[in-house]
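In the numbering used here, the protein residues as written are 158 to 325. See structure below.
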Amino acid sequence: MNVIAAVDRNWGIGKNGRLLVAIPEDQRLFRQETLGKTVIMGRKTLESLPGGKPLYGRNTIVLSRNPEYGIRGACCVSSVSEALAAVKGCKAEDVFVAGGEEIYRAFLPYCRTAHVTYIDYAYEADAYFPDLDRDQEWVLDVETEEATYFDICYSFRRYVRRSAGLRL
Ligand SMILES: NC(=O)c1ccc[n+]([C@@H]2O[C@H](COP(=O)([O-])OP(=O)(O)OC[C@H]3O[C@@H](n4cnc5c(N)ncnc54)[C@H](OP(=O)(O)O)[C@@H]3O)[C@@H](O)[C@H]2O)c1
């Protein structure tokens, strides 16, 4: 299973229920990586999407502890184990954990690859991704050269779980 996130220098991912910044190339990469695949997200992240609707062209699994919660076009589950059961038939490489903080923390132990857009700026944030640079389980495998969007510098990183071995 993969995890995909855009983080800032402090591994911040959001503020007031929104992303910290929108970088078109990051959005393009997210779309390219996840199109035709399965994404797992929390109810709050789903509701932050345009129109509060699931993303087009992706099989979406949404977690809510409210068993009554339902949203057209998504499979709603009320626990991590139900979400894992829902993706059992999928190839692990075709499943992407897409946030937010609560969902990243819950599913990171099940992920082997992390696609991280690293934004070299410290925003004010209230939601965070676990700092993989301080986690012995994870190693930075590949990083692109730094790119810029106006005055924002960013790069795309791939981390892999050590216990899965480095695979290129
Ligand atoms: N930078 C990025 O790449 C990125 C990506 C995605 C999101 N974000 C940001 O992350 C922030 C949102 O993160 P968040 O942690 O507040 O919310 P979240 O993870 O998107 O959703 C949290 C909700 O998911 C449900 N949930 C969580 N754990 C569950 C479990 N074990 N079983 C069943 N349901 C569970 C609960 O819904 P109920 O309350 O309905 O029970 C909970 O309130 C926003 O700022 C968003 O923009 C950033």
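Beta carbons: idealized from backbone N, C-alpha and C, even for Gly.
Hey, out of the options, whose CA is closest to residue i's CA?
| i | options | result |
| --- | --- | --- |
| T217 | R262, N167, G193 | G193 |
| T195 | T301, T270, Y311, V254 | V254 |
| T263 | S235, A231, N173, S320 | The question names Thr, but residue 263 in the sequence shown is Ala. Comparing Cα positions, the closest option is S235. |
| E281 | N159, S205, V178, V160 | V178 |
What would DSSP say about residue i, mapped onto helix, strand or coil?
| i | result |
| --- | --- |
| D298 | strand |
| L325 | With a pLDDT of 30 at L325, under the threshold of 50, the modelled position of that residue is not reliable, and no figure is offered here. |
| Y226 | coil |
| K194 | coil |
For ligand 1, is there any heavy atom lying closer than 7 Å to the beta carbon of residue i?
| i | result |
| --- | --- |
| N223 | yes |
| M198 | yes |
| L176 | yes |
| S235 | yes |
| E259 | yes |
| I170 | yes |
| Y316 | no |
| T202 | yes |
Would you call the CB atoms of residue i and residue j closer than 8 Å?
| i | j | result |
| --- | --- | --- |
| A304 | D165 | no |
| W168 | D288 | yes |
Does the stretch 267-276 come close enough to the stretch 311-319 that 3 or more CB-CB pairs lie under 8 Å?
-> yes
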